[in-house]
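In my numbering, the protein residues as written are 1 to 122.
Comments concern the structure below.
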Amino acid sequence: MFGFVQLINKNTKEVLQQRIGSKEHLEYYSEKVWVVNDSQEIVFVNETSVAQPFKFMRPVPKDEVIHVFADLLETEMPKDNEETWIGKASDLEVMEFSGHDVAGDTWNAFTQKGEWVGTSEY
1 MFGFVQLINK
11 NTKEVLQQRI
21 GSKEHLEYYS
31 EKVWVVNDSQ
41 EIVFVNETSV
51 AQPFKFMRPV
61 PKDEVIHVFA
71 DLLETEMPKD
81 NEETWIGKAS
91 DLEVMEFSGH
101 DVAGDTWNAF
111 TQKGEWVGTS
121 EY
């Protein structure tokens, strides 16, 4: 059964990283993907309140509004450029799994507040 493999902070339960997977993937992520320190653990959950679209540096709330800019490699959200795509993080994650290309080869993504959260170069 597929759900989500998460790297979490043991004390705060904050989700630090997340991938779609199954319980069988726990060992793989602990040995090959994430460096897990003593304050962290890898868990499997069936449901989650966060999304981590492809090439995002960290998870964001599923309902977080994301602004994607094509042909942009800046770490600050531009004021004068028009977005290629705007929508919820969960929608972006679903679109990627269906093979839909939102912005092409080069892009950056920002939250509504202008926080840089994803890039084609990650």
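Just so you know, even glycine gets a beta-carbon here, dropped at the ideal spot from N, CA and C.
Beta-carbon proximity list for residue i, same chain, < 6 Å, skipping 5 on both sides
i	result
ARG19	VAL5
VAL15	GLN6, ILE8, VAL50, PRO59
ASN37	none
GLY104	ALA70
Proximity winner among the options, relative to residue i (alpha-carbon distances)
i	options	result
PHE2	GLN52, ASP105, GLU76, GLY21	GLY21
PRO53	LYS88, GLU47, LYS32	LYS88
Distance between residue j and residue i (C-alpha atoms, nearest Å)
i	j	result
TRP85	ALA109	9 Å
ASP124	LYS79	Outside the modelled stretch of the chain, which goes from 1 to 122, sits residue 124, for which no answer is possible.
ASP101	GLU41	32 Å
GLU27	VAL35	12 Å
Residue i and residue j closer than 9 Å at C-beta
i	j	result
SER120	TRP107	yes
SER30	ASN11	no
HIS67	MET77	yes
TYR122	LYS32	no
GLU82	GLN112	no
LYS62	THR48	yes
DSSP beta-bridge partners of residue i
i	result
PRO61	VAL50
Same chain, Cβ closer than 7 Å to residue i, five either side skipped, listed in chain order
i	result
VAL43	GLN6, ILE8
Cutoff 8 Å; reference residue i; Cβ partners in own chain excluding five residues on either side
i	result
MET95	VAL102
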